[in-house]
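Notes follow the structure.
Number of protein chains: 2
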Amino acid sequence: MVTRHMKKLINEPSAVVDEMLDGMVAAHPDEVRRLEDSNVLVRRDAPVEGKVAVVSGGGSGHEPTHAGYLGPGMLDGAAAGEVFTSPTADEVSEMVQACDGGEGVLMVIKNYEGDVMNFETAGELAEMESDVDVAKVVVNDDVAVEDSLYTSGRRGVCGTIFVHKVAGAMADEGGDLDDVQRVAQKVIDNVATMGTALTSCITPEKGEPTFDLGEDEIELGIGIHGEPGVERVEMMSADEITERLTENVLDDLDPDEGAEVATIVNGMGGTPLSELYIVNRKLQSMLDDRGLETWDAWVGDYMTSLDMQGCSVTVLVLDDELKELLAHPVETPALTVT
Amino acid sequence: MVTRHMKKLINEPSAVVDEMLDGMVAAHPDEVRRLEDSNVLVRRDAPVEGKVAVVSGGGSGHEPTHAGYLGPGMLDGAAAGEVFTSPTADEVSEMVQACDGGEGVLMVIKNYEGDVMNFETAGELAEMESDVDVAKVVVNDDVAVEDSLYTSGRRGVCGTIFVHKVAGAMADEGGDLDDVQRVAQKVIDNVATMGTALTSCITPEKGEPTFDLGEDEIELGIGIHGEPGVERVEMMSADEITERLTENVLDDLDPDEGAEVATIVNGMGGTPLSELYIVNRKLQSMLDDRGLETWDAWVGDYMTSLDMQGCSVTVLVLDDELKELLAHPVETPALTVT
C-alpha cells in the first residue's frame, strides 16, 4: 500500500478556508471582495443593478471553484463552506441578498444533499427577508454513479463550470431570470462527466488519505470529495483511461453524428498540465472517430479535489445558443474569454 | 522515508513530450501549430511580418512553460526538449528561422549550460543560413544558489515568465530588436525568485523520485529539474516557508521603500491552487509590512517541475515602462491580459 503523508502549504488546518479566501482577495482586489465576517466572495461591483445575478458555492477544496469564476459574464457570488462541507443557509442567503440587483438571482447548486438543502433554505430565507426572486438549477453531470455517499441521484461535478459560463453570459446579455434558468438547465440536460483518481486526496483536518489505493491501482468514477470510485482497476495507460471515461460519457449523452461539442479535460489538483494534454490528445481523437466536431476544448484545473492526482472528462453537446453563450466575453480570476 | 511511486496519466514514457505537444495543439488549434517533424510550436500566424519575434524553449516538464505563452503579445516560438533536457541546436535554429518576420529574433534563454550552448549555436546557425538578426538574453532569477548542478551562475526559473511578457509586449508595440532586448534585460536585472519542494518530482523515464525526502522534511532553494535544494529543513507552516522564500528574494533585490512590485506565487505542478493562495496571503502581508506596493499579483502554475509539490515566490521591481508592458494585452493558452 502506498502511504501518502500530509505535506501541505498550510498553517492551522482549521484556518485553511479563511486564509485561502484572504489570499485570493489579495491576488484579485479589483475583481472580488469578501463579505464581512463571512466566507462569501462576490464580484467587486456587486450588486449589479438591472441584471440577473448568478450565484453558486459549496464545499471548499475544489479551487478555482467557486470564487475563481466571479466576474463580468459569469458568477456574481460564491459561498465557500469548509473543506468538502456545504456553506450554511445563512451565508448563502446573505450572498443571494448581496448579489440581487433587482432582477432576481439564479442559484447554481451541485447535487449533494447538504448543498441542495442549504441552498433551498437560503432561497426561502432571502425571499422572506428581502423580497428577492430566487430560482435554482441542480447540476448532476457525473455519469459514474446513480446514487453516492452524498447524493440521491447523480453528483454535480466539472460540468458545473459550463453551467456557470452559460448562465452568466445570458445574465450579462440582459436575459431575465427565466431565460437564465432555462439556458442553465439546457447545459445540465446536455452535459456529462466522468473522473478517475490515481491517488486519494488528503483533507487538511484529517491529514491522511480518504481512501487507500495500491501502488498499481486507480479508481474509476470518483467524485470530488474524496469518495472512492465505482470501480478499482489496475493502473492503465492514459489512452486506456481516457477511453473508459469518454465511452461512459458519450454513452450517456448519445450525441448525433456530426454534433458539435465543447470538452473539458479537468485536473483534480495534483496532476500536472502535461498529463492533461496527453488525455486531451486521446479524447479529441476519439471524438473525431465518432464523427463529432469539437468546437472548443478546455484543458486545466477547473474543479479540483484538493491534491488528488487524476482527471475528469466532460462533454457538452452544443446548439447555436450554447455556442454563442460560451463565446460571450468573460473576465474572472480563473477564466478569461475575449 | 516516504516512497512515492510513479502514477501518471501517460502512455509510453518516451512518448510523453510528443503526445503532450499534440494534445496541446488539439486544445488550441487556432492559436498554435507544430512545425513538421519537430518539437517546436509556434504562433499559428508565425512569422509575423514587420515585428521582432520573441522565442524561448528548454526542457519539457515545466508546462505551461514554454508553449503555453505562445500568442499575440508574448512568444512567437517555443522549442520543447525532452523532459528536463535542452532542445537541440537544430530545432532551435529551425524555430528562429520559422519565426523571423524580417525584424530579427530575441531568444530568451534560461541559464542552464545545455540551453545556453544550444541556443547560442542555434543563433549562429540561423544567422548563417538565413541572414536573420539574432539577439539573446539569459535569465538567472533564482537567488538560492550561485552555481548548481546544471549551471554556472544562477539558474533561470519562474521570473522568465515576466521576461516573456515584457519582451513580447515591446515587440507587439513595434519596438526594434534593441528595444526588445533592452526591456527583457531590465526585467532580468530586477527580478528574483526562490522555491521550495515538499516532495520530489518523478520523471517519466526514471519512474522514481529524483531525490528522497522524509515525511517531515522539505527542501528550500530547489530548482525546476528535480535538483535537491540548498537546505533541507523540517516541515514548516506555510507562513514560515513564505517568510524564508520572500526574505531571500527581497534581500537580493533590496527594493526602495515605496517601490511597486509584481509578484508570482508559482505552483510546482502537484500543489493545489488553494495552498498557493495561502502563500500569497502571507507574501502580500510581508510586502505591505516592508512598505512595498503590489501593482499586480499572479497566483497559479506558471513554471512547474512535473508533479512536484511546492511553490516558488517571484518579485519583480517595477518602473513605469515595465508596468505599461505588463499591462499590454496578451492572449495565449496560459495567460490572458485584456
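Line by line, the protein sequences give chains W and U.
Going by UniProt numbering, the first sequence opens with residue 1, and the numbers climb by one from there.
Going by UniProt numbering, the second sequence opens with residue 1, and the numbers climb by one from there.
All C-beta atoms, glycine included, are put in the ideal place defined by N, C-alpha and C.
- Annotated three-state conformation of M107 (chain U) is strand, per DSSP.
- For A126 (chain W), the enclosing alpha helix (DSSP H) has its first and last residue at E113 to S130.
- Rounded to whole angstroms, the gap between the alpha carbons of A144 (chain U) and V230 (chain U) is 7 Å.
- The residues E219, I222, M308 and G310, in chain order, have a CB closer than 6 Å to that of A197 (chain W) in the same chain once the five nearest residues on each side in sequence are set aside.
- Interface flag for A144 (chain U) against chain W is unset, since no Cβ pair is found closer than 8 Å.
- Taking a Cβ-Cβ cut-off of 7 Å, L125 (chain W) has no neighbours in chain U, whose nearest Cβ is about 28 Å from it.
- Taking a beta-carbon distance threshold of 8 Å, E19 (chain U) counts as an interface residue toward chain W.
- C158 (chain U): not part of any alpha helix (DSSP H); DSSP gives it neither H nor E.
- Within the same chain, and ignoring the five residues on either side of I278 (chain U) in sequence, the residues whose Cβ sits closer than 6 Å to its Cβ are A238.
- Judged by DSSP in its simplified three-state form, C99 (chain W) adopts helix.
- CA-to-CA, the gap between P209 (chain U) and E321 (chain W) works out to about 48 Å.
- Take the alpha-carbon of G73 (chain W) and the one of A27 (chain W): they are about 20 Å apart.
- For L326 (chain W), the secondary structure class from DSSP, reduced to helix, strand or coil, is helix.
- Contact between M194 (chain W) and V313 (chain W) holds, with the beta-carbon distance rounding to 6 Å and staying under 8 Å.
- Note on D100 (chain W): 16 or more other CB atoms within 10 angstroms of its CB, so buried under the neighbour-count rule.
- For A79 (chain U), the CB contacts under 6 Å within the same chain, skipping 5 residues up- and downstream, are V40, G57, P87, E91, V92 and M95 in chain order.
- When secondary structure is reduced to three states using DSSP, E247 (chain W) falls in the helix class.
- Contact with chain U is found for N11 (chain W), since one of that chain's Cβ atoms lies less than 8 Å from the residue's Cβ.
- Note: M194 (chain U) is bridge-paired with U:V313 in the DSSP secondary-structure output.
- Listed as beta-bridge partners of R33 (chain W) by DSSP are W:V42.
- For P64 (chain U), the nearest beta carbon of chain W is closer than 8 Å to its own beta carbon.
- Counting C-beta pairs with one atom in each stretch, the segment 166 to 176 of chain W and the segment 43 to 53 of chain W have three or more that are closer than 8 Å, which means they touch.
- T336 (chain U) is bridged by DSSP to U:E331.
- In terms of Cβ geometry, E217 (chain U) and R232 (chain U) form a close pair [threshold 8 Å].
- A straight-line Cα-Cα distance of about 11 Å links G226 (chain W) and V83 (chain W).
- Closest by C-alpha distance to V137 (chain U), out of U:E129, U:G123 and U:E146, is U:G123.
- The alpha-carbon of L253 (chain U) is positioned some 24 Å away from that of P228 (chain U).
- One thing to note: L318 (chain W) has its Cβ no nearer than 8 Å to the Cβ of Y69 (chain W).
- Just measuring C-alpha positions, the residue of W:V163, W:K206 and W:E36 sitting nearest K7 (chain W) is W:K206.
- Contact between I202 (chain W) and S305 (chain W) fails: their C-beta atoms lie close to 10 Å from each other, not under 8 Å.
- Comparing alpha-carbon positions, the option among U:T199, U:L9, U:V17 and U:K186 lying closest to D37 (chain U) turns out to be U:V17.
- In this structure V42 (chain W) does not touch A89 (chain W) by the C-beta definition: roughly 17 Å separates them, more than the 8 Å allowed.
- In the structure shown, the three-state DSSP call for A238 (chain U) is helix.
- Contacts with chain U at 8 Å (Cβ-Cβ) do not include V138 (chain W).
- Within chain W, no C-beta atom comes nearer than 8 Å to that of I202 (chain U); the closest sits roughly 11 Å away.
- E173 (chain W) carries a coil assignment under DSSP once its states are collapsed to helix, strand and coil.
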